[in-house]
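Novice:
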Amino acid sequence: MMDAEAKKTALRMIPYAMYVMTAEAGGEIAAATVNWVTQTAFAPPLLVVGLKVDSNAYGTIKKAGCFALNILGRGQKATAFTFFKPVKKEGERIGGEPYRTGSTGAPIFDNAIASIECKIVEIVERGDHHIVIGEVVDANVEKDPEGRPDKAILPMSELGDNVFYGG
0 MMDAEAKKTA LRMIPYAMYV MTAEAGGEIA AATVNWVTQT AFAPPLLVVG LKVDSNAYGT
60 IKKAGCFALN ILGRGQKATA FTFFKPVKKE GERIGGEPYR TGSTGAPIFD NAIASIECKI
120 VEIVERGDHH IVIGEVVDAN VEKDPEGRPD KAILPMSELG DNVFYGG
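Sequential numbering from 0 applies to the sequence shown in numbering that gives the first Met the number 0.
1) My guess is that V123 and H129 are in contact by the Cβ rule of under 8 Å, so how many angstroms apart are they, rounded?
2) Name the two residues that bound the continuous alpha helix (DSSP H) containing T8.
3) Could you spell out the range, first to last residue, of the alpha helix (DSSP H) harbouring N55?
4) If distances are taken between C-alpha atoms only, which option among K61, G49, Q38 and M0 comes closest to I28?
5) What is the rounded straight-line gap between the Cα of M0 and the Cα of T103?
6) Across which residues does DSSP place N139 in a beta bridge pair?
7) Is E23 near P97, with beta carbons less than 8 Å apart?
8) What are the partner residues of P97, as DSSP defines its beta bridges?
9) Taking the alpha-carbon of P14 as reference, which of I115, M155 and D137 has the nearest alpha-carbon?
10) Let me confirm a value: E4 is counted as buried when at least 16 other C-beta atoms fall within 10 Å, else exposed. Which label applies?
11) Check whether the segment 53 to 67 and the segment 143 to 152 are in contact - that is, three or more C-beta pairs closer than 8 Å.
12) Given a cut-off of 8 Å, decide if V19 and T32 are closer than it, judged by their beta-carbon atoms.
13) Cα separation between T100 and A67?
14) Going by CA-CA distance only, name the one from M17, N161, V162 and T21 that's closest to K87.
15) What does the alpha-carbon distance come out to for the pair Q179 and E91?
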């Protein structure tokens, strides 16, 4: 029998960064903080995102057929917390964040350090999070990072000692 505490602790050792996944379909806006993200192929460039099935964003992203990952940088933990819950579009802002429309129609946050736009090529419907597979069709970097690009991102650990995902 699996030790439940060991499983939880071991799975929480997988490092995560924080992103806000966005999409727009028929006037509906989706914007949700996600962290189960990884690149899975170079050619074509593919990403996978674990997206909670009962989230408000899931249906909109599925309908849109595309999405953007707004990559959060160090110091943007307030933005991550904002999109833990449903938000509304108000003028040119979503949840208070100014945005522009990307090439796929997905919202791109002006304050994100970078963004990646994807068209959905498949959704694997297993478990309480479905795996959204997206092919990268556009990317934007607001400011070239100093040093390693992966050091510029907002790690989950920066959200505090009581914020975990996984396990």
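Idealized CB from N, CA, C, for every residue including glycine. The model shown is predicted, which means the values in this text are computed figures rather than measured ones.
Specialist: To lay it out plainly:
1) 6 Å
2) A3 to R11
3) N55 to A63
4) K61
5) 47 Å
6) S114
7) no
8) R92
9) M155
10) exposed
11) no
12) yes
13) 10 Å
14) T21
15) Nothing can be reported for residue 179, as the shown portion of the chain is limited to 0 through 166.
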